[in-house]
Amino acid sequence: MKRNKLVGITILLTGVFILLYKSDGFYGYGGYVDKSWENIIISSILIVLGFVIIKR
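Per my numbering, the sequence shown starts with residue 537, numbered consecutively.
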């Protein structure tokens, strides 16, 4: 039980860190590509997964 809670908190904090992390985009074939949507999607998945593991 304690191990699941520790893993859930770790995943949750990782999601929050990714959400707050500022990363610049890059220049691709079509021009400048911003990575903000990728960060929001990845962090939201990690935050939800962390809550599910903590509640279980």
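From the three backbone atoms N, C-alpha and C, an ideal C-beta is built for every residue, glycine too.
Beta-bridge partners of Gly561 (DSSP): none assigned.
Residue pairing by DSSP places Val584 in no beta bridge whatsoever.
DSSP places Gly566 in no beta strand (DSSP E); its state is neither H nor E. Beyond the five residues adjoining it in sequence on each side, Val552 comes within less than 8 Å, by CB distance, of Ser579 and Ile583 in the same chain, given in chain order. Taking the Cα positions, Tyr568 is about 25 Å away from Ile581.
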